[in-house]
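**Q** Under our numbering, the letters of the sequence shown match residues 18 to 294, in that order. Ideal placement from N, C-alpha and C gives every residue a C-beta, glycine not left out.
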Amino acid sequence: MGVVFCFEPPGEALTWFTASNPPPEPHLPSGWRTMEFDELDSTNAALKRITEQGGEVAEGLLVWAHRQTGGRGRAGRVWQSPPGNVYASFLIRAPEVPKNAPEIGFVAALAVRDAILEMPRHNTAPPAITFKWPNDVLCEGKKVCGILPELAADPDKRNWIVLGIGINLIEVDVPGALYPVGSLSEFHVDTRPAHALTLLGRSLSAWLDTWRTDGFGAIREAWRANGPQSAAPLSVRLPEGPVTGTFAGLDDDGALLLETPQGRRRLVVGDIMFGEN
Ligand code: BTN
């Protein structure tokens, strides 16, 4: 896995960048750092290896690959990773993991929504963005982004979350997908991975601040604004089989509350199925 570029955000020492000679993107928030790779097995796997090797790491370390050979999705699925899309993993400090690890996926979904809405478009209105529990971001009803938070521990046993984010910028083909899948280019959003990461770094930093300052309650409320309507019918695929009911909100920790004919259920894993929000 060859590093093709490693960029420290410009500090005072790098003032030789000018408007006509701007630093390369992504431009990340102050103190964040990028490691860019042409190809990786998985950015999540690579960032975990880096964290666990014991080198100096800090929040905001971004591992970004142009393509992945072993991109992984939720529940052990494959994440198709041709060149042209975003494949990124951010290192996030989360002292209370694993207790609040799932919360970070909702933080990330909000950040992706905001980044998408800021991406350049070809003279069109912004696409309708919605969320599918737990962490999918949909554009006009099609999944355009998947989020995979995973735990990592460094040798000092400090806890980190490796926050993997894949955004389909160009066309993708996912054989046998459980739900409609799309790319932002279908909705006339026209951007490249590096610029998408600049926007994403900014929005992610802002939503992490909200999470830390105002708590998960504020994140949950913001997510609900673009999540399923109350009492929307949902069908959720669980390891033991599908369960059908209506959306009754998110629990304090982000678990899905589903009203079923047998009573209210609290689900921490599962996939909302094709055609449902
Ligand atoms: C999902 O199944 O919806 C989650 C998909 C997450 C994909 C991203 S791409 C970057 C990062 N590296 C991986 O191997 N997976 C995540």
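By how many angstroms is the C-alpha of G266 removed from the C-alpha of P67?
**A** Taking the first residue of the sequence shown as 1, we reach residue 67 at position 50. Taking the first residue of the sequence shown as 1, we reach residue 266 at position 249. Reading off the sequence, residue 67 comes out as Ile, not Pro. Computed Cα separation, rounded: 37 Å.
**Q** Measuring alpha carbon to alpha carbon, tell me which of P151, E113, F264 ends up nearest R281.
**A** For the purposes of this step, residue 281 is taken as the residue at position 264 of the sequence shown. With distances taken between Cα atoms, R281 lies closest to F264.
**Q** Might you give, ordered along the chain, the residues of its own chain that have their beta carbon closer than 6 Å to the beta carbon of L57, omitting 5 neighbours on each side?
**A** Position 40 of the sequence shown, counted from the first residue, corresponds to residue 57. The answer, listed in chain order, is M18, A63, A82, Q85.
**Q** At a cut of 8 Å, does the segment 108–119 reach the segment 90–100 through at least three beta carbon pairs?
**A** no
**Q** Would T147 and L134 qualify as a contact pair, given that the criterion is a beta-carbon distance under 8 Å?
**A** Mapped onto the sequence shown, residue 147 falls at position 130. Mapped onto the sequence shown, residue 134 falls at position 117. Against a cut-off of 8 Å, the Cβ pair of L134 and T147 comes out as no contact.
**Q** So, with DSSP's three-state summary, where would you put R283?
**A** Walking along the sequence shown from the start, residue 283 turns up at place 266. Reduced to three states, the DSSP call for R283 is strand.
**Q** Is it the case that the segment 251–262 contacts the segment 272–286, given that we only count it when at least three CB pairs across the two stretches are under 8 Å?
**A** Contact between the segment 272–286 and the segment 251–262 is present, because at least three Cβ pairs lie under 8 Å.
**Q** Is K116 buried or exposed, if buried means 16 or more other CB atoms sit within 10 Å of its CB?
**A** Here residue 116 is taken as the residue at index 99 of the sequence shown, counted from 1. Result: exposed.
**Q** Could you check whether the segment 206–216 touches the segment 228–239, counting it as contact only if at least three pairs of C-beta atoms, one from each stretch, sit closer than 8 Å?
**A** no
**Q** Could you have a look at T208 and say whether DSSP puts it in helix, strand or coil?
**A** Looking up residue 208 in the sequence shown gives position 191. The answer is coil: DSSP assigns T208 none of H, G, I, E or B.
**Q** At which residues does the alpha helix (DSSP H) containing E53 begin and terminate?
**A** One-based indexing of the sequence shown puts residue 53 at position 36. No alpha helix (DSSP H) contains E53, which is instead part of the beta strand (DSSP E) from 50–57.
**Q** Answer yes or no: the CB of D153 versus the heavy atoms of ligand 3, is any distance below 7 Å?
**A** Within the structure as shown, ligand 3 is missing, the only ligands being ligand 1.
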